[in-house]
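Shown next, in structure tokens, is the structure this report addresses.
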Amino acid sequence: MSFVSDIRLRDSLVEAARAKLVAGDHLTQEDGIRLFDAPVLELGRLADALARDKHGDKVYFTVNRQLNPTNVCVLACKFCDYAKKPGDPTSYTMSKEDVLAHVDPEITEIHIVGGLHNKWRFDDYLDVIRWVKEKKPDLSVKAYTAVEIDFFCRLTKKPADWVLTELKNAGLDALPGGGAEVFSERVRRELFGQKIGGKRWLEIHETAHRLGIPSNSTLLYGHIETRAERVQHMIDLRELEMRAPGFFAFIPLAFQPGNTGLVRRQASAIEDLKTIAISRLVFDNVPHVKGYWVMLGQDTAAAALNFGASDLDGTIGLEKIAHAAQARSPVGMAEAGMVQMIREAGKIPVQRDALYRVVREYSRRDEPALAVGA
Ligand code: SF4
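If you count by the working numbering, then the sequence shown holds residues 72 to 445, one letter each, in order.
Following this line, the structure appears as structure tokens:
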């Protein structure tokens, strides 16, 4: 049985998308753009059917912690409220003790990203991974975006496969998906001209996948990008997944205007839900689309679980980057809160680690856990 095959839809645009998926075809850029004009609930029903074909009613989350070792950055991307110049009184760089203080005994994943420090050497970045692995060898380490990997290549004058192999030997398990922003060159020139573009981001993730390092992927939307650029970004990722599989999840990141002055208001909740649903339908070969509650807010993230999202990210702990841009969500959520949010969406909570290994599967309702295991 397939939910996508069986679902009955009233809207002709959404029905045309369904027919293509049932026939085994991928949606084109034009299909994706047109779907933004489709009725949002119909769109959600089809995206939810596709997510259910992949995962049933399971929704994944992780008990994790964000570690942002420094906000000192040599670049100055226009949309970034987090980075500080060296010497700025609000800049910080963590010591080994600060880093180790983030390794709580109950977490199963640590997510490490930060600025491109003017004084740090590649070894300093390797040390952060070595320290957390020494303290908790079973912790899965998701660390350093493609922007950081490219920076390490320039620091060491070595190619990406060498840098990634060194990181893997130090204990890296997976790459996060950040730094992709929007692959459009137009947007890059306008907002982050010094930073790597889509071609280099895709090249680094392809290299990682070929080395057996899985990764996530992101899209920063709701600023100056067009819907066409948004959909093309999803298609570029879909094509990479076909060439070199290795993505776990796609994470549409709702832009937080913060103090950047870039746009007056971010995408509406409806635009967020449409983007999540269209991501699920266009990037149809990625295992999960994530409702990243830190940027979406808890209410929209909960709704996203019926619009194609099958992952909520994690409990997070002391996240600094989105909150530097004044994200209004709490800085962390307890495991019980994640479980409740998933259950309220009518789904089954599953705790996972960074490599999507199941840590604990909960019951659909408030009953004792069904299984506990590694
Ligand atoms: S987005 Fe990343 S690379 Fe750009 S200024 Fe901020 S921390 Fe630095």
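Here a beta-carbon is modelled for each residue, glycine too, at the ideal position from N, C-alpha and C.
When the Cα atoms are used, what is the spatial distance from Q137 to K207?
For the purposes of this step, residue 137 is taken as the residue at position 66 of the sequence shown. For the purposes of this step, residue 207 is taken as the residue at position 136 of the sequence shown. Cα to Cα, the separation comes out at about 15 Å.
Which residues neighbour the ligand SF4 when neighbourhood means a C-beta less than 5 Å away from any of its non-hydrogen atoms? List them by chain order.
C144, L146, C148, C151, A154, G186
Exposed unless 16 or more other CB atoms sit within 10 angstroms - verdict on K270
The sequence position of residue 270 within the sequence shown is 199, counting from 1. K270 is exposed by the Cβ-count criterion.
Where R89 falls: helix, strand or coil (DSSP)
Position 18 of the sequence shown, counting from 1, holds the residue named residue 89. Looking at R89 - three-state DSSP - the assignment turns out to be helix.
Length-filtered (4 minimum) alpha helix (DSSP H) runs lying within the region 88-131
100-106, 111-126
Reduced DSSP secondary structure (H/G/I, E/B, other) of E432
Locating residue 432 in the sequence shown gives position 361, counting from the first residue. Note: E432 maps to strand in three-state DSSP.
Candidates A120, L112, D128, R105: which alpha carbon is nearest E432's?
In the sequence shown, residue 432 corresponds to position 361, counting from 1. Among A120, L112, D128, R105, the Cα nearest to that of E432 belongs to D128.
Can you tell me which residues form a DSSP beta bridge with L246?
If you number the sequence shown from 1, residue 246 lands on position 175. Beta-bridge pairing links L246 to S286.
Whole angstroms are fine: how far does the CA of E237 sit from the CA of P285?
Locating residue 285 in the sequence shown gives position 214, counting from the first residue. Locating residue 237 in the sequence shown gives position 166, counting from the first residue. Rounded to whole angstroms, P285 to E237 spans 15 Å at the Cα level.
Can you have a look at V93 and say buried or exposed, based on whether 16 or more other CB atoms are within 10 angstroms of its CB?
By 1-based counting over the sequence shown, the position of residue 93 is 22. Exposed is the call here.
Measuring alpha carbon to alpha carbon, tell me which of Q327, Y292, A279, G293 ends up nearest L311.
The count along the sequence shown starts at 1 and reaches residue 311 at position 240. It is A279.
Just verifying my parser: in three-state terms, what is the DSSP assignment at F222?
If you number the sequence shown from 1, residue 222 lands on position 151. If DSSP states are grouped into helix, strand and coil, F222 belongs with the helices.
Local conformation of G385 per DSSP, three classes
Counting from 1 along the sequence shown, the entry for residue 385 is found at position 314. Three-state result, G385: strand.
Using 8 Å as the cut-off, can you tell me whether the region 103-113 makes contact with the region 143-163, which would need three or more C-beta pairs spanning the two stretches below that distance?
no
M305 and V253 closer than 8 Å at C-beta:
Here residue 305 refers to the residue found at position 234 of the sequence shown. Here residue 253 refers to the residue found at position 182 of the sequence shown. No, the Cβ-Cβ distance between M305 and V253 is not below 8 Å.
Reduced DSSP category for T161 - H, G, I as helix; E, B as strand; rest coil
Here residue 161 corresponds to residue number 90 of the sequence shown, with the count starting at 1. Of the three classes helix, strand and coil, the one that applies to T161 here is coil, per DSSP.
Using the C-alpha atoms, what's the distance from A172 back to L235?
On the sequence shown, residue 235 is found 164 positions in, with the first residue counted as 1. On the sequence shown, residue 172 is found 101 positions in, with the first residue counted as 1. Spanning the two alpha carbons is a distance of roughly 26 Å.
For E219, which of L197, A380, V203, D209 has the nearest alpha-carbon?
Position 148 of the sequence shown, counting from 1, holds the residue named residue 219. Comparing Cα positions, the closest option is L197.
Which of helix, strand or coil does DSSP assign to S211?
In the sequence shown, residue 211 corresponds to position 140, counting from 1. S211 falls in the strand class under three-state DSSP.
Are the Cβ atoms of A217 and G186 separated by less than 8 Å?
One-based indexing of the sequence shown puts residue 217 at position 146. One-based indexing of the sequence shown puts residue 186 at position 115. Cβ atoms of A217 and G186: not closer than 8 Å.
What number of angstroms, rounded off, separates the C-alpha of G268 from the C-alpha of K228?
If you number the sequence shown from 1, residue 268 lands on position 197. If you number the sequence shown from 1, residue 228 lands on position 157. If I take the Cα positions, the gap works out to 19 Å.
Below 8 Å, can you find three or more Cβ-Cβ pairs linking the region 360-372 to the region 98-107?
no
Taking the alpha helix (DSSP H) that N135 falls in, what are its first and last residues?
Indexing the sequence shown from 1 puts residue 135 at position 64. Where N135 is concerned, there is no enclosing alpha helix (DSSP H), although the beta strand (DSSP E) it sits in stretches over 135-138.
Nearest to S288 (by Cα), restricted to the options H294, D384, G264, M412:
Residue mapping note: residue 288 aligns to position 217 of the sequence shown, counting from 1. The candidate whose alpha carbon is nearest that of S288 is D384.
Of the residues I349, V429, I78, P358, the one placed nearest Q100, counting alpha carbons only:
Here residue 100 corresponds to residue number 29 of the sequence shown, with the count starting at 1. Residue I349 is the option with its Cα nearest to Q100.
For K361, tell me which candidate among I322, A374, T346 has the shortest Cα-Cα distance.
The count along the sequence shown starts at 1 and reaches residue 361 at position 290. Cα-wise, what sits closest to K361 is I322.
I need the DSSP call for L426, collapsed to helix, strand or coil.
On the sequence shown, residue 426 is found 355 positions in, with the first residue counted as 1. Here L426 sits in coil by DSSP.
Threshold first: 3 residues or longer. Then list the beta strand (DSSP E) segments lying entirely within the region 302-326, N to C.
318-325
How is Y292 classed by DSSP in three states: helix, strand or coil?
Looking up residue 292 in the sequence shown gives position 221. The answer is strand: DSSP assigns Y292 an E or B state.
If I measure Cβ to Cβ from D382 and keep anything under 6 Å in the same chain, skipping five residues before and after, which residues do I get?
One-based indexing of the sequence shown puts residue 382 at position 311. Excluding residues within five positions, the ones whose Cβ falls inside 6 Å are Y131, A320, H359, K361.
From N142, M165, V174, pick the residue whose C-alpha is nearest to that of D159; which is it?
The residue you call residue 159 lines up with position 88 of the sequence shown. Answer by Cα proximity: N142.
Apart from the five residues on each side of it in sequence, which residues of its chain come closer than 7 Å, Cβ to Cβ, to F223?
On the sequence shown, residue 223 is found 152 positions in, with the first residue counted as 1. Excluding residues within five positions, the ones whose Cβ falls inside 7 Å are F193, Y196, V234.
Three-state secondary structure assigned by DSSP to E406
Numbered from its first residue, the sequence shown carries residue 406 at position 335. DSSP places E406 in helix when its eight states are reduced to three.
Hey, could you find the ends of the beta strand (DSSP E) H182 is sitting in?
Counting from 1 along the sequence shown, the entry for residue 182 is found at position 111. Where H182 is concerned, the enclosing beta strand (DSSP E) stretches over 180-183.
Contacting residues, own chain, Cβ-Cβ under 6 Å from S73 (five flanking each side not counted):
Position 2 of the sequence shown, counted from the start, is the residue given in the question as residue 73. If we look at S73 and ignore the five residues flanking it on each side, its Cβ neighbours are D124.
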